[in-house]
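>
In the UniProt record's numbering, the protein residues as written are 1 to 81.
#1: Alpha carbon to alpha carbon, what distance is there between residue 33 and residue 20?
#2: Should residue 56 be labelled buried (16 or more other beta-carbon atoms within 10 Å of its own) or exposed?
#3: Could you tell me which of 35, 31, 25, 12 sits nearest to residue 46, measuring between CA atoms?
#4: Can you check DSSP and say which residues form a bridge with residue 126?
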């Protein structure tokens with residue numbers, strides 16, 4: 001598939017997201033494209049074992065509930081079905 005050119009090149013970048021509850025989270029960002037199409041898949045990951053990796057896990061475990069306020073409406077940012 002890669003040799004045939006069925007997929008386009010990907011772009012890598014490092015981005016910092018500022019979350020209102022956990023602060024800055026530095027992520028690696030991969031943008032995957034399909035040639036001749038306007039479709040892009042954007043994948044954000046954090047380095048395993050890093051302080052940044054603990055932040056999404058904290059949100060998942062607490063469902064985004066802050067100790068100093070009410071629970072937000074709806075599912076958490078990183079909730080699973």
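Glycine residues also receive a C-beta, built at the ideal position from the N, C-alpha and C atoms.
From the atom records:
#1: 30 Å
#2: buried
#3: 25
#4: Past the boundaries of the shown model lies residue 126; the chain is included only from 1 to 81, so the question cannot be answered.
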